[in-house]
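Residue numbering for the sequence shown follows the working numbering, beginning at 13 and increasing consecutively.
Single-structure report; data block below.
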Amino acid sequence: MLEIKNLTKEYDDLVIDNLSVTFPSTGMVIITGKSGCGKTTLLNIIGGIDLNYQGNIFIDNQNIREIKNYCRKHVGFIFQDFNLINWLNVKNNYLLPGFFTKIIYKRAIEDQEEKLELQKLKRKKVKLLSGGQKQRVALLRAIIKNVDILLCDEPTGSLDQENSQAVFELLKKEAKERLVIVISHDENLAIKYADQLYVMENGKLTKKRDSIKTTDKFYCRLKKHAPANIFKLVLLQYCSNLYRNLKISAGITLAIFCIMITFTLSGSLQNQVKKQLTSIFPNQLISIQQQNHQAINYQDLINLKEHSQNQYLYGEPVDYEFIGISLKNSYATESTVYISDMTKKVQSNRIEYGRKLNKDDEIVLTKTTAVHLSDDYQKLINRYVYGYYLKDNQIKKIKLKIVGITDEVSMFDTMYINELANFEHISEIFKVNKEEITTQLVLMNLNQLVNVENEIKNLKEKYSYLDFKVAGQDINANVDNFLLQIQRVLLLFSSLAIIAACFLIGEVLYLSVVEKTKDFGIFKCLGASKIQILLLVLLESVILVTVSFVLALILLIQIVQMINSLVITSYSFEGNFVSIDLKLLLVIYLFALGLGILSSCLPAFKASHLDPIKALKYHS
Numbered sequence: 013m014l015e016i017k018n019l020t021k022e023y024d025d026l027v028i029d030n031l032s033v034t035f036p037s038t039g040m041v042i043i044t045g046k047s048g049c050g051k052t053t054l055l056n057i058i059g060g061i062d063l064n065y066q067g068n069i070f071i072d073n074q075n076i077r078e079i080k081n082y083c084r085k086h087v088g089f090i091f092q093d094f095n096l097i098n099w100l101n102v103k104n105n106y107l108l109p110g111f112f113t114k115i116i117y118k119r120a121i122e123d124q125e126e127k128l129e130l131q132k133l134k135r136k137k138v139k140l141l142s143g144g145q146k147q148r149v150a151l152l153r154a155i156i157k158n159v160d161i162l163l164c165d166e167p168t169g170s171l172d173q174e175n176s177q178a179v180f181e182l183l184k185k186e187a188k189e190r191l192v193i194v195i196s197h198d199e200n201l202a203i204k205y206a207d208q209l210y211v212m213e214n215g216k217l218t219k220k221r222d223s224i225k226t227t228d229k230f231y232c233r234l235k236k237h238a239p240a241n242i243f244k245l246v247l248l249q250y251c252s253n254l255y256r257n258l259k260i261s262a263g264i265t266l267a268i269f270c271i272m273i274t275f276t277l278s279g280s281l282q283n284q285v286k287k288q289l290t291s292i293f294p295n296q297l298i299s300i301q302q303q304n305h306q307a308i309n310y311q312d313l314i315n316l317k318e319h320s321q322n323q324y325l326y327g328e329p330v331d332y333e334f335i336g337i338s339l340k341n342s343y344a345t346e347s348t349v350y351i352s353d354m355t356k357k358v359q360s361n362r363i364e365y366g367r368k369l370n371k372d373d374e375i376v377l378t379k380t381t382a383v384h385l386s387d388d389y390q391k392l393i394n395r396y397v398y399g400y401y402l403k404d405n406q407i408k409k410i411k412l413k414i415v416g417i418t419d420e421v422s423m424f425d426t427m428y429i430n431e432l433a434n435f436e437h438i439s440e441i442f443k444v445n446k447e448e449i450t451t452q453l454v455l456m457n458l459n460q461l462v463n464v465e466n467e468i469k470n471l472k473e474k475y476s477y478l479d480f481k482v483a484g485q486d487i488n489a490n491v492d493n494f495l496l497q498i499q500r501v502l503l504l505f506s507s508l509a510i511i512a513a514c515f516l517i518g519e520v521l522y523l524s525v526v527e528k529t530k531d532f533g534i535f536k537c538l539g540a541s542k543i544q545i546l547l548l549v550l551l552e553s554v555i556l557v558t559v560s561f562v563l564a565l566i567l568l569i570q571i572v573q574m575i576n577s578l579v580i581t582s583y584s585f586e587g588n589f590v591s592i593d594l595k596l597l598l599v600i601y602l603f604a605l606g607l608g609i610l611s612s613c614l615p616a617f618k619a620s621h622l623d624p625i626k627a628l629k630y631h632s
């Protein structure tokens with residue numbers, strides 16, 4: 013049994029007013045009512061996802077505020093807007109509750125799939141589904157959870173009549189075993205399937221009457237003015253002076269385009285520079301040294317390797333140098349590939365052939381290095397090569413097994429080995445104790461999810477005798493500062509252009525108000541409020557800015573495509589050199605829109621406060 017006692021919910025207005033009602037443990041309860049009357053709010057409160065209310069809700073005499081994991085254990089939702097996960101397929105979406113809690117399915121899932129016509133959609137991405145298909149996925153996700161209370165917010169909102177009835181039939185069967193609370197605007201289905209039918213009005217739930225009573229009184233047929241109608245009027249107003257408005261839009265377009273291209277080019281240049289720097293100094297790569305520039309011993313390396321946030325650790329032994337690899341077991345300059353970089357960890361998803369590293373005597377080659385060793389480089393997998401180490405003009409070799417080849421093509425010959433494998437190799441071939449091998453510099457790749465600054469602080473606290481810093485941070489900082497200065501100068505001139513354009517908007521709209529003084533007087537006589545008149549003017553500025561922004565965006569796309577084509581053709585550049593940042597464009601649009609609305613406030617205020625009598629008498 014679900015009991016609601018003295019429930020009150022307020023936003024700006026009172027939405028639910030001292031509501032007390034009891035629902036059974038099983039059965040279908042359907043709630044109807046006008047949009048915005050508080051139905052969804054009530055569902056969210058019952059579901060435990062909205063706890064900001066006055067009063068109490070009990071399930072089997074236990075307050076839901078005191079039930080641990082109440083929502084997970086007792087409640088299933090069918091949301092009006094589906095709330096599906098776009099990067100999951102259909103099957104994983106309706107099985108999603110099983111990722112978070114153990115579920116004992118009460119019936120074969122295949123039966124439910126068949127009923128909801130989802131068998132052929134299991135592997136399909138939900139973003140490719142229609143609204144009706146998404147609704148059915150959301151429905152299945154809710155019912156297989158096998159909960160006590162099933163809350164459904166417009167479960168048939170995206171379905172046709174036939175499918176809507178099928179959904180209600182399914183919910184009706186579910187209601188035999190649990191409490192199903194449904195919000196619906198379909199009066200016919202509500203009357204047909206409800207065990208209990210309520211209408212929500214003025215924050216209260218009341219039983220719906222079985223018949224409609226008539227009255228002799230006149231009905232008030234005055235309809236509320238819809239925002240869409242206001243917008244339609246604004247469009248007509250814009251089109252009435254289309255030629256003039258397009259000329260104005262052209263000027264605003266140029267100003268917006270200037271600021272767009274400024275940020276896009278400077279941002280893309282900054283990203284490309286950072287991309288190149290990151291390839292040399294990954295963002296999560298930190299350098300480690302002794303504070304007094306002393307060598308770091310092997311035990312220090314072991315301790316650092318065991319650090320919880322370490323992803324990969326590399327140390328270059330002092331006095332020893334890895335000079336290359338060869339298919340031959342004797343060192344020869346003409347056959348040895350010289351290695352320049354062994355500081356990065358190879359991720360498994362970067363392996364083109366073979367597998368990732370498991371043992372110290374295994375290596376992974378970049379495609380660049382593999383091609384140097386053999387034209388038929390794919391056949392190098394599981395072959396052995398010899399790695400050569402140098403000390404005091406003495407060269408010694410270690411036998412290594414090639415287990416993988418990455419898809420990486422670089423300007424350097426590169427291979428990858430396991431962490432601290434160099435120390436194992438040196439110890440083996442030079443017959444020295446690993447404890448005696450030291451390194452001057454250590455590079456640590458941190459976990460990608462950690463905050464580098466915080467992690468460096470933690471490391472300094474734990475290893476006070478070592479010095480930690482982001483590799484290449486000084487170079488990155490200098491580049492960022494240089495690009496920022498350029499961006500500021502360009503932004504200044506672009507902003508002046510767009511501000512001038514917005515002043516133009518204000519002047520034009522002021523003249524428009526003067527020209528249409530009589531029109532506004534007529535609007536007021538016909539019942540237009542001050543707010544609606546205000547919107548007529550403000551929305552006209554919104555249209556002017558929006559049209560200008562769209563034109564500027566089209567121009568930007570064409571220019572960016574042309575630049576990328578030239579760069580690719582001239583420099584064989586992979587990918588796009590210039591990329592468009594949608595978030596940045598949104599900020600630019602909102603900035604321009606804000607200035608446009610601000611500049612139109614004065615003419616809008618003038619129009620809204622016109623005396624209709626004087627306005628009707630005005631002659632332009």
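For each residue, glycine too, the CB sits at the ideal point set by N, CA and C.
For the alpha helix (DSSP H) holding residue i, just list the boundary residues, first then last.
i           : result
residue 185 : 173-186
residue 338 : That residue, residue 338, is in no alpha helix (DSSP H); its beta strand (DSSP E) goes 333-338.
residue 83  : 82-86
residue 311 : 310-317
residue 439 : 433-441
residue 365 : No alpha helix (DSSP H) holds residue 365; the beta strand (DSSP E) holding it covers 363-366.
residue 155 : 143-155
residue 121 : 121-127
residue 464 : 464-474
residue 383 : 379-385
Using DSSP bridges, identify the partner residues of residue i.
i           : result
residue 612 : Paired residues: none, contrary to the question.
residue 161 : 87 and 191
residue 480 : 300
residue 329 : 451
residue 374 : 413
residue 68  : 17
residue 101 : 137
residue 41  : 193 and 208
residue 22  : 26
residue 353 : 426
Can you give me the C-alpha to C-alpha distance between residue i and residue j, rounded to a whole angstrom?
i           : j           : result
residue 448 : residue 420 : 35 Å
residue 235 : residue 613 : Its pLDDT being 34, under 50, residue 235 is placed unreliably by the model, and the measurement read from it follows with that caveat. Going from the Cα of residue 235 to the Cα of residue 613 covers about 28 Å.
residue 69  : residue 93  : 26 Å
residue 446 : residue 312 : 12 Å
residue 371 : residue 591 : 41 Å
residue 104 : residue 87  : 19 Å
residue 571 : residue 599 : 20 Å
residue 189 : residue 153 : 17 Å
residue 365 : residue 418 : 7 Å
residue 219 : residue 210 : 5 Å
residue 143 : residue 608 : 36 Å
residue 49  : residue 27  : 7 Å
residue 393 : residue 367 : 9 Å
residue 184 : residue 319 : 56 Å
residue 19  : residue 558 : 44 Å
residue 181 : residue 205 : 8 Å
residue 517 : residue 264 : 9 Å
residue 461 : residue 469 : 16 Å
residue 425 : residue 338 : 12 Å
residue 350 : residue 280 : 34 Å
residue 108 : residue 170 : 22 Å
residue 65  : residue 45  : 21 Å
Quick check on the DSSP output: the beta strand (DSSP E) that includes residue i runs from which residue to which?
i           : result
residue 196 : Here residue 196 belongs to no beta strand (DSSP E), and DSSP marks it neither H nor E.
residue 53  : Note, residue 53: premise wrong, no beta strand (DSSP E); alpha helix (DSSP H) at 51-58.
residue 412 : 406-418
residue 92  : Residue 92 -> no beta strand (DSSP E), and no H or E assigned at all.
residue 446 : Taken as a continuous stretch (DSSP letters only), residue 446 belongs to no beta strand (DSSP E), as it is neither H nor E.
residue 217 : 216-219
Mind reading off the beta-carbon distance from residue i to residue j? Whole number of angstroms is fine, and I expect it under 8 Å.
i           : j           : result
residue 101 : residue 148 : 14 Å between Cβ atoms; not a contact.
residue 150 : residue 90  : 5 Å
residue 401 : residue 411 : Not confirmed; about 12 Å, so no contact.
residue 415 : residue 296 : Wrong, their Cβ atoms sit about 25 Å apart, outside the cutoff.
residue 301 : residue 457 : Wrong, their Cβ atoms sit about 16 Å apart, outside the cutoff.
residue 41  : residue 207 : 7 Å
Every unbroken alpha helix (DSSP H) within the stretch 509-580, with a cutoff of 4 residues, ordered by chain: With a minimum length of 4 residues, the continuous alpha helix (DSSP H) runs that stay inside the stretch 509-580 are 529-537.
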